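Colleague: Line by line, the protein sequences are chains A and B.
Note that the working numbering has the first sequence beginning at 497, numbered continuously upward.
Note that the working numbering has the second sequence beginning at 143, numbered continuously upward.
A single structure is presented below for examination.
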Amino acid sequence: MRKDYWNKPEMGLWERLYIFEVIRGLCITGSVFLGNMWKWLTFRKGALTAYYPEELRSDYSPNNRGRHVLTQRDNGQVQCVSCNMCATVCPAYAIEILSTANFADPCHPKAPERFEIDYSRCIFCGFCVEACPEDAIRMVKEVPDFPGFDRDRMWAGMDLLMNWRPMRDPAKHYPTPQAPLREVPE
Amino acid sequence: MIELKIDNKMVAANEGETVLQAALRHGIEIPHFCYHPCLSIAGNCRICLVKVGGRPKLMPSCNLAVAPNMEIETDTEEVAEARRAVMRFITLNHPGECGICDKAGECRLQDYHVRYGEPEPISIEPKSRKPKFYDLSPRILLDNERCILCGCCVRFTQEVSGSHQLGIVERGSHARVERLETGAFDDPYSDNVIGLCPVGALLSRDFLYRSRVWYLEPVRSVCTGCSRCCSVNVWRRNRHWHLRALGEELNRTAYRVTPFENPEINGPWICNKGYDLHRFMARQRVLQPMIAGRGASVEEALAEARRLLSESINPAALVSAHASNEELAAFQAALGPRLAVYSREDYRPAPGEAVEDGLLIRGVKNPNSYGVQALFGHRPYGVINGHDLLLVWGDNAEDTSFDGARVIRLASFGTQQEFTADVLIPVSTTFERSGSFSNFEGKVNRFDKVFDKPELVQHAGELFGRLA
Chain A
497 MRKDYWNKPE
507 MGLWERLYIF
517 EVIRGLCITG
527 SVFLGNMWKW
537 LTFRKGALTA
547 YYPEELRSDY
557 SPNNRGRHVL
567 TQRDNGQVQC
577 VSCNMCATVC
587 PAYAIEILST
597 ANFADPCHPK
607 APERFEIDYS
617 RCIFCGFCVE
627 ACPEDAIRMV
637 KEVPDFPGFD
647 RDRMWAGMDL
657 LMNWRPMRDP
667 AKHYPTPQAP
677 LREVPE
Chain B
143 MIELKIDNKM
153 VAANEGETVL
163 QAALRHGIEI
173 PHFCYHPCLS
183 IAGNCRICLV
193 KVGGRPKLMP
203 SCNLAVAPNM
213 EIETDTEEVA
223 EARRAVMRFI
233 TLNHPGECGI
243 CDKAGECRLQ
253 DYHVRYGEPE
263 PISIEPKSRK
273 PKFYDLSPRI
283 LLDNERCILC
293 GCCVRFTQEV
303 SGSHQLGIVE
313 RGSHARVERL
323 ETGAFDDPYS
333 DNVIGLCPVG
343 ALLSRDFLYR
353 SRVWYLEPVR
363 SVCTGCSRCC
373 SVNVWRRNRH
383 WHLRALGEEL
393 NRTAYRVTPF
403 ENPEINGPWI
413 CNKGYDLHRF
423 MARQRVLQPM
433 IAGRGASVEE
443 ALAEARRLLS
453 ESINPAALVS
463 AHASNEELAA
473 FQAALGPRLA
483 VYSREDYRPA
493 PGEAVEDGLL
503 IRGVKNPNSY
513 GVQALFGHRP
523 YGVINGHDLL
533 LVWGDNAEDT
543 SFDGARVIRL
553 ASFGTQQEFT
563 ADVLIPVSTT
573 FERSGSFSNF
583 EGKVNRFDKV
593 FDKPELVQHA
603 GELFGRLA
């Protein structure tokens, strides 16, 4: 017999009788429920759903991609040079950067004035971390304060991303800034 | 007509052409830095070396005149090795800071480095240091470390703009572009060197770090600065990269203006006023229709204007020289027979502005004065004519005396307070509509819509039918 649709179930007599299948389903659900309750009564792990976000899991993998961190230089400035590679590679278009020119620091004439990540759009793919040429953006395993009631309020700005978990790159040494060569060299 | 063979393909070249020009015209790509079709041939970058049949050494194709039966090869291993070596030399002291360079994305050095260069330099010497972010003029920054000394900017000031204000001073790794005379680089065409520079050495201070270029897209438009009507590209944000957190208004902002190459009118150049067109369009706008100083809806303002027109005995219209040909035709069809028509100049030369020169800049500072003249003739308005109603179309009419006549104003720019008209209806700017202008030679140049108009602003071409 040709099926009306591709996954139409083929039911035998037992399924057609209906009530016995319903009882079988209730047995499955009830056994899981009773098993979980037994674990809860005997104080064992793995019984309950965590009440996110009040309760957080403590056993994220160290490879988990959670909230972003903007790293800082030794003087506390943001390491980002505002090259927009992360914003360009982002498949969700979640990153927006406003750049500013600062010629007082000749090693870093370009810096972000605002750095915004939209966590209502971010898909946590980690491309931004891979694209960054300066190791200025990282992802750590924790995922604090993600839920929200309003899409427009799920933006994380530069202050938050730099300071919620300050990180530095001790392996990265910058040349001490020299005075810009403005005059004609002798 | 000379027949020669480039990469085993027969190519027809004109007498006196160079091999590079013939190849580019036939879609064969030969890399080049110092060659520009409008400038003299310098032949100093050496990236365009090609193999010529029968000659032992490679020849620079930009400086090689075509000859009959020449056999040119551009993709042999020998040529590729020469290009690698030239790229190695050019990038020897190039800082490689594409990440923070405004030119990245439209930089020929970047493109050629990906295509012809080597990923890692073999030099172990430290890169030479030169003045960075040097103020060449209030409009232009010069980064000498990025400069590859092709000399395009120098040749531009010598051959095109004729100001002779730039030159290359010192030698070797100290060589750098510098103003020759003490004083500013105040050429009225100075911003062209930014687009001319094949690398990011000459930077626009106005566009500096405002956006990466691949977030933007060009829209063809026309400069309204003078009656030359140069074709320009207005760069707006690509819709894929529309901003949300940083401000929606940036999506409706023109980021920069660059020349659109139009050989019939402006060639590849525009003047600095054209480069500032987006600032001209970003001035304070009139956004609210008004009746005698009070805000009103568009329908109320139109009804009041219709009432004034029907009550008037001797009405007249002052036609804007910023109106497109299409709007003028709509005006002519709807209101032309009923009104006495005068032409007016919206903008006059600002103090200190270059009024007219032999290259591009024209003395009439409005784009469509000639379109108005072709339709209505040259008739400036005088107060003696005794009109009791004036339809004043265009900006900057506030200092004109209308001698007690009632006034209907159609304007784009200004603050609401400075208008004393009986009826004020805001109209769209050049960026907000498409159309065409006739320049001083009668050549018609069209422009496309860059942004949507604000809600209460009207297109002038659609208003006149509703006023009649």
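Yeah, the Cβ is synthetic: ideal placement off N, Cα and C, and Gly gets one too.
Fair warning: this is a prediction, and the values are worked out from it, not measured in the lab.
Hey, could you find the ends of the beta strand (DSSP E) Met152 of chain B is sitting in?
Modeller: Here the beta strand (DSSP E) through Met152 of chain B covers 151–155.
Colleague: Do the stretch 355–368 of chain B and the stretch 338–345 of chain B meet, that is, are 3 or more Cβ pairs less than 8 Å apart?
Modeller: With the cut-off at 8 Å, the stretch 355–368 of chain B and the stretch 338–345 of chain B do not touch.
Colleague: Are there 16 or more other CB atoms within 10 angstroms of the CB of Asp488 of chain B, so buried, or fewer, so exposed?
Modeller: With 16 or more other Cβ atoms within 10 Å, it is buried.
Colleague: Note down, in chain order, all residues in the stretch 238–261 of chain B with a beta-carbon under 7 Å from any beta-carbon belonging to chain A.
Modeller: Of all residues in the stretch 238–261 of chain B, Gly241, Ile242 have a Cβ within less than 7 Å of some Cβ in chain A.
Colleague: If you follow the beta strand (DSSP E) that Asp614 of chain A is in, where does it begin and where does it stop?
Modeller: Here the beta strand (DSSP E) through Asp614 of chain A covers 606–614.
Colleague: According to the Cβ coordinates, are Ala424 of chain B and Ala602 of chain B closer than 9 Å?
Modeller: No; because the gap between Cβ atoms is not below 9 Å, this pair is not in contact.
Colleague: Is there a Cβ from chain A that is less than 9 Å from the Cβ of Ile327 of chain B?
Modeller: A small fix is needed here, since residue 327 of chain B is Phe in this sequence, not Ile. By this cut-off, Phe327 of chain B is not an interface position.
Colleague: Express the C-alpha separation of Glu215 of chain B and Ile170 of chain B in angstroms, rounding to a whole number.
Modeller: When rounded, the distance between both Cα atoms is 11 Å.
Colleague: Could you give the distance in angstroms between the alpha-carbon of Ala610 of chain B and the alpha-carbon of Leu598 of chain B?
Modeller: Ala610 of chain B and Leu598 of chain B: Cα-Cα distance of roughly 20 Å.
Colleague: Count the other CB atoms, across all protein chains shown, that sit within 10 Å of the CB of Glu612 of chain A; report buried if there are 16 or more and exposed otherwise.
Modeller: Glu612 of chain A comes out buried.
Colleague: Around the Cβ of Thr712 of chain A, are there at least 16 other Cβ atoms within 10 angstroms (buried) or fewer (exposed)?
Modeller: Residue 712 of chain A falls outside the range modelled here, since chain A spans only 497 to 682, and no answer is possible.
Colleague: Output, in chain order, the set of chain A residues within a Cβ distance shorter than 8 Å of Tyr351 of chain B.
Modeller: Those are Ser578, Ser595, Thr596, Ala597, Lys606, listed as they occur along chain A.
Colleague: Find out if the Cβ-Cβ distance for the pair Pro509 of chain B, Thr571 of chain B is shorter than 9 Å.
Modeller: Not a contact, by the Cβ cut-off of 9 Å.
Colleague: Decide if Ala458 of chain B is buried, meaning its Cβ has at least 16 other Cβ atoms within 10 Å, or exposed.
Modeller: Answer is buried; the Cβ neighbour count reaches 16.
Colleague: Looking only at its own chain, which residues have a Cβ that is under 7 Å from the Cβ of Pro605 of chain A, when we skip the five neighbours before and after it?
Modeller: For Pro605 of chain A, where only same-chain residues beyond five positions count, the Cβ hits under 7 Å are Ala597, Asn598, Phe599.
Colleague: Between Tyr357 of chain B and the ligand GDP, is there a pair consisting of the residue's CB and a ligand heavy atom that are separated by less than 8 Å?
Modeller: The ligand GDP is not among the ligands present in this structure, which contains no ligands whatsoever.
Colleague: So for Ala438 of chain B, helix, strand or coil by DSSP?
Modeller: It is coil, neither helix nor strand.
Colleague: How is the alpha helix (DSSP H) around Ile519 of chain A delimited, first residue to last?
Modeller: Where Ile519 of chain A is concerned, the enclosing alpha helix (DSSP H) stretches over 515–537.
Colleague: Would Glu157 of chain B be called buried (16 or more neighbouring beta carbons within 10 Å of its own) or exposed?
Modeller: Exposed, because fewer than 16 other Cβ atoms sit within 10 Å of the Cβ of Glu157 of chain B.
Colleague: For a quick check, are the C-beta atoms of Gly536 of chain B and Leu460 of chain B less than 9 Å apart?
Modeller: A contact, by the Cβ cut-off of 9 Å.
Colleague: With C-beta atoms as the reference, is Val565 of chain A less than 9 Å away from Ala627 of chain A?
Modeller: No, the pair does not count as a contact, with Cβ atoms beyond the cut-off.
Colleague: What are the residues of the stretch 273–299 of chain B that lie near chain A, defined by any Cβ-Cβ distance shorter than 8 Å?
Modeller: Within the stretch 273–299 of chain B, the residues whose Cβ lies closer than 8 Å to some Cβ of chain A are Pro273, Lys274, Phe275, Tyr276, listed in chain order.
Colleague: For my contact list, Glu153 of chain B and Leu146 of chain B are in at a C-beta cut-off of 8 Å; report their separation, rounded to the angstrom.
Modeller: Rather than Glu, the amino acid found at residue 153 of chain B in this sequence is Val. With a Cβ gap of about 6 Å, Val153 of chain B and Leu146 of chain B count as contacting.
Colleague: Thinking C-beta only, is Glu213 of chain B closer than 9 Å to Gly196 of chain B?
Modeller: Result yes, Cβ atoms of Gly196 of chain B and Glu213 of chain B sit closer than 9 Å.
Colleague: Taking C-beta pairs closer than 8 Å, name the residues in chain B that Met581 of chain A reaches, listed in chain order.
Modeller: Under the 8 Å cutoff, chain B gives Gly241.
Colleague: Pick out the complete alpha helix (DSSP H) segments inside the stretch 292–339 of chain B, 4 residues or longer, and give them in chain order.
Modeller: You should have 294–297, 334–338.
Colleague: I'd like the list of long-range same chain contacts for Tyr484 of chain B, defined as Cβ closer than 6 Å, with 5 residues on each side in sequence excluded.
Modeller: Leu460, Arg521, Tyr523.
Colleague: Determine the contact status of Arg352 of chain B and Pro568 of chain B, defining contact as a CB-CB distance below 9 Å.
Modeller: Not closer than 9 Å, so no.
Colleague: Output the residue ranges of the beta strand (DSSP E) runs that lie fully inside the stretch 463–487 of chain B and measure 3 residues or longer, sorted by chain position.
Modeller: Listed in chain order, the complete beta strand (DSSP E) runs (minimum 3 residues) inside the stretch 463–487 of chain B are 482–485.
Colleague: Would Leu388 of chain B pass as an interface residue toward chain A - the criterion being a Cβ-Cβ separation below 9 Å?
Modeller: Output row for Leu388 of chain B: interface = yes.
Colleague: Starting from Thr400 of chain B and walking both ways along the beta strand (DSSP E), at which residues does that stretch end?
Modeller: Here the beta strand (DSSP E) through Thr400 of chain B covers 398–401.
Colleague: Are the stretch 586–594 of chain B and the stretch 370–389 of chain B in contact at 8 Å, needing three or more beta carbon pairs?
Modeller: Yes: at least three Cβ pairs fall under 8 Å.
Colleague: Could you tell me if Met663 of chain A is buried or exposed, where buried requires 16 or more neighbouring beta carbons within 10 angstroms of its beta carbon?
Modeller: Exposed.
Colleague: Go ahead and pull the three-state DSSP assignment for Thr160 of chain B.
Modeller: Of the three classes helix, strand and coil, the one that applies to Thr160 of chain B here is strand, per DSSP.
Colleague: Between the C-alpha atoms of Arg313 of chain B and Leu594 of chain A, what's the straight-line distance to the nearest angstrom?
Modeller: C-alpha separation (whole angstroms): 39 Å.
Colleague: Strictly by DSSP, which residues pair up with Ile144 of chain B?
Modeller: Partner(s): B:Ala155.
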